[in-house]
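S.K.: I'd like to ask some things about the structure below.
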Amino acid sequence: GRMRSFKLITALLFAFTCKETTANKGEIDKIAAILKETVKTDLTTLLNQHDLSLEQTIDGFMKTIDYVDKNIAELKTHLETRIEEYNGNTMTNLQEFEKNTGEMMSTMNETIMTNLNNINTLSMEERNKIISWAHERAHLHEDILKSRISACAYDYGHLGKGVVRYNSANGGYIKE
Numbered sequence: 001g002r003m004r005s006f007k008l009i010t011a012l013l014f015a016f017t018c019k020e021t022t023a024n025k026g027e028i029d030k031i032a033a034i035l036k037e038t039v040k041t042d043l044t045t046l047l048n049q050h051d052l053s054l055e056q057t058i059d060g061f062m063k064t065i066d067y068v069d070k071n072i073a074e075l076k077t078h079l080e081t082r083i084e085e086y087n088g089n090t091m092t093n094l095q096e097f098e099k100n101t102g103e104m105m106s107t108m109n110e111t112i113m114t115n116l117n118n119i120n121t122l123s124m125e126e127r128n129k130i131i132s133w134a135h136e137r138a139h140l141h142e143d144i145l146k147s148r149i150s151a152c153a154y155d156y157g158h159l160g161k162g163v164v165r166y167n168s169a170n171g172g173y174i175k176e
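In terms of the numbering used here, the sequence shown is residues 1 to 176.
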């Protein structure tokens, strides 16, 4: 194809550059006829193939665009559906969370109030017991100070120095 066209074009150029004679005229006409028959056919074939390739390319692009448009529409529908599902699930979960949190806070509040009341009651009872014990103890000391108690004891080893200890080896209580 191309090589033959190149040879014919080269021969044609060579023929045109030579002096025109009747001997070359026949060769030139022969080459012109070959060019018209062969090159025209080759150029027509190439043009048809080019047009066919262009149509196939355009057709391929159009099919690709249709395919992409279809898939984008499907993806959009799929994503919208999934987002609506997630949104519904999220709202349901948030409502359940709010409900459970309210119930747990109410239960925790009741438990804390019960515990605080128990602590208050127990600490009040302990406080009253301590006050009662201190009151009894104070009255006991007051009663002791009001009475006359005499303890008779001896310590023969004291000899007037230091503290008298009635429980020493030389001391004791008088029993009579």
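Glycine included, each C-beta is placed from N, C-alpha and C at the ideal position. Small disclaimer: the values here were computed from a predicted structure and weren't measured.
1) Rounded C-beta distance between Asp155 and Tyr173? I'm assuming under 8 Å.
2) Over what stretch of residues does the beta strand (DSSP E) that includes Ala73 continue unbroken?
3) Put Ala153 into one of helix, strand or coil per three-state DSSP.
4) Within the continuous beta strand (DSSP E) that includes Gly172, where are the two ends?
5) Just checking my contact of Gly160 with Gly171 at CB under 8 Å: how many whole Å lie between their CB atoms?
M.R.: Reading it off the structure:
1) The pair is not a contact, with the Cβ atoms about 11 Å apart (cut-off 8 Å).
2) Note, Ala73: premise wrong, no beta strand (DSSP E); alpha helix (DSSP H) at Lys40 to Lys146.
3) Under the three-state reduction of DSSP, Ala153 is assigned to strand.
4) DSSP places Gly172 in the uninterrupted beta strand (DSSP E) bounded by Gly171 to Tyr173.
5) The beta carbons of Gly160 and Gly171 sit about 14 Å from each other, so the pair does not count as a contact at 8 Å.
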